[in-house]
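Q: UniProt numbering puts the first residue of the sequence shown at 1, with every later residue one more than the last. Once you've had a glance at the structure underneath, I'll fire off some questions.
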Amino acid sequence: MLKIRLVEAQRCSSLEELTAHANDELPQLREGASQLGTTPLTATAPMPTCTMRIYSNTVDKTVAENVKIGDPLTLDISIDDQDIYGLKAVDCIVRDGLGWGEQPLINSEGCPVDYEIMGPFNYSETKNSAKVNFQAHKFPYTASVYYQCNVRLCLKHTGGCDDVPPVCEDGTNLRRRRRAVENATVTDLETDDEPVIEVFHGLYVNEGEELPEDDPNGPLSRVRTGLSPVPNHKADPYCTVPIHIATY
């Protein structure tokens, strides 16, 4: 079966070199498709630069440094503009910077863990960037928060980015599962073979206005009191944006 694998020690500077390299590796492909599966293909390309920033104002690209709970923010991940790689944002978490608590935001499928904290990423048509809007939140015992995401690089021209953006249901990327079924006879670029880049961004989140009293067992109590951190951390609950309901 045809297998595409990245080897970082080798470099190709353009799609033309990538195609020429493939022709050199598989000269027997022209003689018949029945010979597929015996010769592995090694495809390489320069590794793009990846950045993650959190903006408090996306119009003038103001990077968030000091904000308040509930302030609108945009988490933006991007790689260099090129035609070889796309990106998948996975395994995003927010940490307190003290090693006491962390909260998962996006799982390994690229799907939100809790939509009340962070929704799905919106990807550009080129799949070179992804962004998500959310409201500032914090741990109650510290103003510092650190966001971390893993960025998987996928090869566009081999179909490695066909499951981007994910179509999520109960934390599962349905598009990825459907692609796996449709390509059951082809060994695609495996997840473990995709280069992974860790990106970080830290900021300070200060307390907002004091929350009004309400029923502790009411529907807003979970959001107002916060979410529990990942087990085995000795942190207090996680603080999210307060919700105010207006009646007329």
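For glycine and all other residues, C-beta sits at the position ideal for the given N, C-alpha and C.
1. With a cut-off of 8 Å, do at least 3 Cβ pairs link the region 85-94 to the region 54-70?
2. Taking the C-alpha atoms as reference points, what is the distance between P165 and T158?
3. Measuring straight from C-alpha to C-alpha, what distance separates R175 and Q82?
4. As an exercise, report each continuous beta strand (DSSP E) stretch of at least 3 residues that is fully enclosed by the region 100-131, in chain order.
5. Could you check whether the region 49-61 touches the region 98-118, counting it as contact only if at least three pairs of C-beta atoms, one from each stretch, sit closer than 8 Å?
6. Label F200 either buried or exposed according to how many other C-beta atoms from any shown protein chain fall within 10 Å of its C-beta, with 16 as the threshold for buried.
7. Alpha carbon to alpha carbon, how far is D162 from T185? Give it in angstroms, no decimals.
8. Decide if D76 is buried, meaning its Cβ has at least 16 other Cβ atoms within 10 Å, or exposed.
9. May I ask you to check if the CB of L203 is nearer than 7 Å to at least one heavy atom of the ligand FMN?
10. Using a 10 Å radius around the Cβ and a threshold of 16 neighbouring Cβ atoms, would you call G99 buried or exposed?
11. Short check: CB of E194 to CB of L153, under 8 Å?
12. Could you tell me whether the Cβ atoms of V145 and V94 are closer together than 8 Å?
13. From G160, C168, K61, pick the residue whose C-alpha is nearest to that of Y115; which is it?
14. Taking the alpha carbon of I79 as the point to measure from, which residue in N128, D96, Q103 has its own alpha carbon closest?
15. Just the Cα atoms here: how many angstroms apart are G202 and L105?
16. Can you name, in chain order, every residue of its own chain whose Cβ lies under 8 Å from the Cβ of T172, other than the five neighbours on each side?
A: With the given structure in hand:
1. no
2. Numbered from its first residue, the sequence shown carries residue 165 at position 165. Numbered from its first residue, the sequence shown carries residue 158 at position 158. Answer to the nearest angstrom: the Cα atoms are 16 Å apart.
3. On the sequence shown, residue 175 is found 175 positions in, with the first residue counted as 1. On the sequence shown, residue 82 is found 82 positions in, with the first residue counted as 1. If I take the Cα positions, the gap works out to 24 Å.
4. 102-106
5. no
6. The sequence position of residue 200 within the sequence shown is 200, counting from 1. Result: exposed.
7. Numbered from its first residue, the sequence shown carries residue 185 at position 185. Numbered from its first residue, the sequence shown carries residue 162 at position 162. With a pLDDT of 39 at T185, under the threshold of 50, the predicted position of this residue should be treated as unreliable, though the coordinate-derived value follows. Between T185 and D162, the C-alpha separation is close to 16 Å.
8. Taking the sequence shown and counting its residues from 1, one reaches residue 76 at position 76. The residue is buried, with at least 16 neighbouring Cβ atoms inside 10 Å.
9. The ligand FMN is absent from the structure shown, which contains no ligands of any kind.
10. Mapped onto the sequence shown, residue 99 falls at position 99. Exposed: under 16 other Cβ atoms inside 10 Å.
11. Position 194 of the sequence shown, counted from the first residue, corresponds to residue 194. Position 153 of the sequence shown, counted from the first residue, corresponds to residue 153. In contact: E194 and L153 (Cβ atoms closer than 8 Å).
12. For the purposes of this step, residue 145 is taken as residue 145 along the sequence shown, with counting starting at 1. For the purposes of this step, residue 94 is taken as residue 94 along the sequence shown, with counting starting at 1. Yes, these two residues count as a Cβ contact at 8 Å.
13. As a first step, residue 115 must be located in the sequence shown, where it is residue number 115. Comparing Cα positions, the closest option is C168.
14. Position 79 of the sequence shown, counting from 1, holds the residue named residue 79. Minimum Cα distance to I79 is reached at N128.
15. Counted from its first residue, the sequence shown places residue 202 at position 202. Counted from its first residue, the sequence shown places residue 105 at position 105. One C-alpha to the other measures close to 15 Å.
16. Residue mapping note: residue 172 aligns to position 172 of the sequence shown, counting from 1. Excluding positions up to five away in sequence, the list reads E109, C111.
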